[in-house]
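In UniProt numbering, the protein residues as written are 1 to 159.
Structure first, then comments.
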Amino acid sequence: MPAKDKMAAPAYNSIKNSQIEEIMLENGKLRLLAGRYGDRKGYSSKYLPLDFYDVHLDPGASVLINTEKEHSAMIFTLSGDAYIGGEHVKEKTAVKLTSGDSVEIRSTDKNAQVLFISSLSLGEPVAWGGPIVMNTEEELHTAFEDLKNGTFLRNTISY
């Protein structure tokens, strides 16, 4: 989340399984959890563009996913090994992608399920402490003080 939006009111969005579009691939399917895939559109993130796909591939199948150069993208192999951009990646492994126009995801001789996540790269510093992510150590310290004092959430969540 951009620094300017860090202390925005919390929000929650419920997306039911029946609301997730499934796009049939030649040898598998892509579940469009958020963002765009070709001319299809899923959930739209409030603060940043977000593409989030749940990709299921039959044995030996592949899919080419277009990526934005200004985005930061990652893939997580949820079940089964896969080849990501030609590199063998074991099951339950996260891979940060380098900048480019596309990435090929290919299953081995077994089924594979991978998560693809891509969003605008902020180019901002990151200070991380457990459940809280801020931009500086000072902001992180203030956030934990607010949490301790019961003043961290300035607004309630609207459902």
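Even for Gly, the Cβ is constructed at its ideal location relative to N, Cα and C.
These figures come from a predicted structure and were not determined experimentally.
- The C-beta separation of GLU21 from ARG40 comes to about 6 Å, placing the pair in contact by the 8 Å criterion.
- In the DSSP annotation of this structure, LYS148 is not part of any beta strand (DSSP E); the continuous alpha helix (DSSP H) holding it starts and ends at 137 to 149.
- Taking 3 residues as the shortest admissible run, the region 21 to 102 contains the following complete beta strand (DSSP E) segments, listed from N- to C-terminal end: 21 to 25, 28 to 34, 50 to 57, 62 to 66, 71 to 79, 82 to 84, 87 to 89 and 94 to 96.
- With a threshold of 16 other beta carbon atoms within 10 Å, TYR53 meets it and is buried.
- When DSSP states are grouped into helix, strand and coil, ALA3 belongs to the helix group.
- Residue range 112 to 120 is occupied by the beta strand (DSSP E) that includes ALA112.
- Residue range 127 to 129 is occupied by the beta strand (DSSP E) that includes GLY129.
- The region 110 to 124 makes contact with the region 67 to 76; the number of CB pairs closer than 8 Å reaches 3 or more.
- DSSP, reduced to helix, strand and coil, places SER107 within a strand of the structure shown.
- Shown here for ASN27: same chain residues with a beta carbon closer than 7 Å to its own, the five before and five after excluded, namely LEU57, ASP58 and ALA61 in chain order.
- Residue environment: SER18 is assigned as exposed (fewer than 16 neighbouring CB atoms within 10 Å of its CB, all protein chains considered).
- In this structure SER102 is exposed. Its beta-carbon is surrounded by fewer than 16 other beta-carbon atoms within 10 angstroms.
- Under a 10 Å Cβ-count criterion, MET24 is classified as exposed, with fewer than 16 other Cβ atoms of the shown protein chains found around its own Cβ.
- When the beta-carbon positions are compared, PRO2 and TYR47 come within less than 8 Å of each other.
- The residue from VAL89, VAL55 and SER99 with its alpha-carbon nearest to that of ALA73 is SER99.
- Judged by their CB atoms, ILE75 and VAL114 are nearer to each other than the 8 Å cut-off.
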